[in-house]
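K.L.:
Numbering (this note's numbering), first residue to last: 22 to 628.
The beta carbon of each residue, even a glycine, is placed where N, CA and C say it ideally should be.
The following block contains the structure, expressed as structure tokens.
This is the structure:
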């Protein structure tokens, strides 16, 4: 058993809460810009700390006028936009509790979250979301809901008007009532299995972790820094960063549609990004495909390898002269163009949700963007560990943040403790023994290791470890991450539990595939049903698998694979909103495909 704890760097008063982070910003500099609000494409309007607080209070008064009581739950179902964070703070200023709902949720999922949380009021983005909520409320006869308000009409103006008579003193009383131990939000895990569980996170979880983190990431998140938020604010990762930026006084913009991201980065020009690894994979793959399409694929390949070699050499402590000169040359020819696509000012990025992969980490570090990989769950208010500019090791997920600790159990499971760890699951007290050890450590369900410097490395998910028929333990993530990094691959699910060998189900990326097809003389309009049987594609995917197999033993290697016609998506029920594979759903829906795959392999051996 190994353990590493990082002591708190500051003492946080017990009476503090999330709203105090905004109050401190207003008191320190009410003119400091906290948000860039996009009213039309490419045009951002500054929102100062003072302006933001003024609108937060106005909406909080409206909530009071609508008879929202202290401790009541208020839900938000909307894409990532400025009003999401505005309402989040308004709910807290009214003394209530925010319940996020993913905008892609079905009526049955909405019904479950609203019923389990007891939400009194639901904010939705637009008419389609309103219909989903109305259907959920009517079908399940959810009597707790007193109304549904939209963000795309004049409902918020009406709410502000309704609260005009509410006294400032009432909002101040409600705002300041909560201490660190008070409930701030109930975030329902997107869930790779079963019904979502409501994680109850306190004001302390967000406030303490934010204040401790601002010390660790002071060079990245501060009054002079900025970011564009594009991952769902219903996810704990984006939510924590949103609160962290208010605590640090950083400027935040929002992109509701990922298709607009590149344009928004160009006009907002952020200094740091936060994303899941799939976004960084797509940035790399898009740049590679464009270079190959322009006949500059060989140059890009050399530039990419130079970036990786330079990063590894710098990590080792010495960059050879020739490598350094090549790096400078490619900085002007190639890397500068990648920087421009990200707005031209990005120097750091925070990655979480799943492993990034050392190759991608070295590539971005080599082009001048330090991706600080971190680790955490909804139950740990997002990060419990993170790489920082001062403590940085590619391939790891960093060291515990101040006030947090990590322990590796005897069976390899990662355990967590500290200011970030949640208080429990909503209406599920019986899960406490399952979630925590007898001495109070949270069981993450992930397998990992700690080195002597406190750097954590995640090697797999405890429940996802495959055991082949011969008894060999296989961690799917190690193979899946390497294969998914290829430009034409979208998703990968490694299979083999209780089977004679390891195999894989693979989907192709509809965004990058057409360019690849064109370069290989294949009509991009060819139906996917035909493409998955083409020798050129099968040969390419096999080469990708062969490279990944080099990192594992023969018993762990993928012996065969099947390309699927349909991609795994959130809408198909095979991905969580944070882009994690729902392995049980895939195994259930594709059980016949898996059976056929092994039957064909057995028949091939017999013949």
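#1: Would you kindly work out how many angstroms separate the C-alpha atoms of residue 444 and residue 496, rounded to a whole number?
#2: Between residue 669 and residue 566, how many whole angstroms is the CB-CB distance? I'm expecting something under 8 Å.
#3: For residue 384, does the count of other Cβ atoms within 10 angstroms reach 16, so buried, or fall short, so exposed?
#4: Distance, Cα to Cα, residue 162 vs residue 208?
#5: In this structure, does DSSP put residue 512 in helix, strand or coil?
#6: Assuming residue 219 and residue 446 are in contact, meaning their beta carbons sit under 8 Å apart, how far apart are those beta carbons, in whole angstroms?
#7: Would you mind working out which of 486, 31, 561, 196 sits nearest residue 79, comparing C-alpha positions?
#8: Taking only runs that begin and end inside the region 503-581, name each unbroken beta strand (DSSP E) of 3 or more residues, in chain order.
#9: May I ask which residues mark the beginning and end of the alpha helix (DSSP H) holding residue 417?
#10: Relative to the C-alpha of residue 112, which candidate in 288, 380, 90 has its C-alpha closest?
#11: May I ask you to verify whether the region 585-601 touches the region 520-535, counting CB pairs closer than 8 Å and requiring at least 3?
#12: Taking the CB atoms as reference points, tell me whether residue 52 and residue 71 lie closer together than 8 Å.
#13: Is residue 395 helix, strand or coil when you go by DSSP?
#14: Under 8 Å between the Cβ atoms of residue 95 and residue 120?
#15: Which of helix, strand or coil does DSSP assign to residue 462?
#16: Since residue 273 and residue 250 are thought to touch, with beta carbons under 8 Å apart, how far apart are those beta carbons, to the nearest angstrom?
#17: On the premise that residue 55 lies in contact with residue 270, defined as a C-beta separation below 8 Å, what is that separation, rounded to the nearest angstrom?
#18: Going by Cα to Cα distance, which pick from 355, 605, 284, 107 is closest to residue 484?
#19: Is the CB-CB distance between residue 440 and residue 425 below 8 Å?
#20: Evaluate residue 546 with the Cβ neighbour count: other Cβ atoms within 10 Å of its Cβ, from every protein chain shown; 16 or more gives buried, anything less gives exposed.
#21: Are there 16 or more other CB atoms within 10 angstroms of the CB of residue 452, so buried, or fewer, so exposed?
#22: May I ask which residues mark the beginning and end of the alpha helix (DSSP H) holding residue 55?
#23: For the alpha helix (DSSP H) holding residue 455, just list the boundary residues, first then last.
#24: Closer than 7 Å to a non-hydrogen atom of the ligand MG - does that hold for the CB of residue 532?
#25: Please list the terminal residues of the continuous alpha helix (DSSP H) segment that includes residue 348.
#26: Quick one, which of 493, 455, 502, 430 has its alpha-carbon nearest residue 470's?
#27: Just tell me which of 57, 152, 461 has its CA closest to the CA of residue 106.
#28: Go through its chain and collect everything with a Cβ distance to residue 137's Cβ below 7 Å, but skip five positions before and after it.
#29: Does DSSP put residue 37 in a helix, in a strand, or in coil?
#30: Should residue 354 be labelled buried (16 or more other beta-carbon atoms within 10 Å of its own) or exposed?
#31: For chain D, check one thing: does any of its Cβ atoms lie closer than 8 Å to the Cβ of residue 197?
#32: Within 10 Å of its beta-carbon, does residue 60 have 16 or more other beta-carbons around it, so buried, or fewer, so exposed?
#33: Using the rule of at least 16 other Cβ atoms within 10 Å of the residue's Cβ for burial, across every protein chain shown, is residue 541 buried or exposed?
#34: By how many angstroms is the C-alpha of residue 548 removed from the C-alpha of residue 536?
#35: Would you decide whether residue 600 is buried or exposed? Buried here means 16 or more other CB atoms lie within 10 Å of its CB.
#36: Going by C-alpha distance, which of 619, 340, 290 is nearest residue 524?
P.N.:
Reading from the atomic positions:
#1: Cα to Cα, residue 444 sits roughly 30 Å from residue 496.
#2: It is not possible to answer for residue 669, since the shown part of the chain is limited to 22 through 628.
#3: With 16 or more other Cβ atoms within 10 Å, it is buried.
#4: Those two C-alpha atoms are separated by around 22 Å.
#5: In this structure, residue 512 counts as strand in the three-state DSSP scheme.
#6: Right, their Cβ atoms sit about 6 Å apart.
#7: It is 196.
#8: Look at the region 503-581 and you find these whole runs of beta strand (DSSP E), each 3 residues long or longer: 510-516, 523-529.
#9: Counting along the chain, residue 417 sits inside no alpha helix (DSSP H), nor does DSSP assign it H or E at all.
#10: Ranked by Cα distance from residue 112, the first of 288, 380, 90 is 90.
#11: The region 585-601, when compared against the region 520-535, does touch it at the 8 Å Cβ threshold.
#12: Their beta carbons are under 8 Å apart, which means residue 52 touches residue 71 by this criterion.
#13: Residue 395 falls in the strand class under three-state DSSP.
#14: The Cβ atoms of residue 95 and residue 120 sit closer than 8 Å to each other.
#15: DSSP places residue 462 in coil when its eight states are reduced to three.
#16: About 6 Å separates the Cβ atoms of residue 273 and residue 250, confirming a contact at the 8 Å cut-off.
#17: The Cβ separation is near 7 Å, so the contact holds.
#18: The shortest Cα separation from residue 484 among 355, 605, 284, 107 belongs to 605.
#19: When the beta-carbon positions are compared, residue 440 and residue 425 come within less than 8 Å of each other.
#20: Counting C-beta atoms within 10 angstroms of its own C-beta, residue 546 has fewer than 16 neighbours from the protein chains shown and is therefore classed as exposed.
#21: By the neighbour-count criterion, in which 16 or more other beta carbons inside 10 Å mark a residue as buried, residue 452 falls on the exposed side.
#22: Boundaries for residue 55: no alpha helix (DSSP H) harbours it, while the beta strand (DSSP E) harbouring it runs 54-61, taken from the DSSP string.
#23: Following the DSSP letters along the chain, one finds residue 455 inside the alpha helix (DSSP H) bounded by residues 453-456.
#24: With respect to small molecules bound, the structure shown includes none, and the ligand MG cannot be examined in it.
#25: For residue 348, the enclosing alpha helix (DSSP H) starts and ends at 342-351.
#26: When each option's Cα is compared against that of residue 470, the closest is 430.
#27: Selected option, being the one with the closest Cα: 57.
#28: Cβ within range, chain order: 219, 447, 448.
#29: Here residue 37 carries a coil assignment [DSSP, helix/strand/coil].
#30: Of the residues assessed, residue 354 falls on the exposed side of the cut-off, its CB having fewer than 16 other CB atoms within 10 angstroms.
#31: The structure shown contains no chain D; it is built from a single protein chain.
#32: The residue is exposed, with fewer than 16 neighbouring Cβ atoms inside 10 Å.
#33: Looking at its Cβ environment, which holds fewer than 16 other Cβ atoms inside 10 Å, residue 541 is exposed.
#34: Cα to Cα, the separation comes out at about 15 Å.
#35: Note on residue 600: 16 or more other CB atoms within 10 angstroms of its CB, so buried under the neighbour-count rule.
#36: If we check each option's Cα against that of residue 524, 619 comes out closest.
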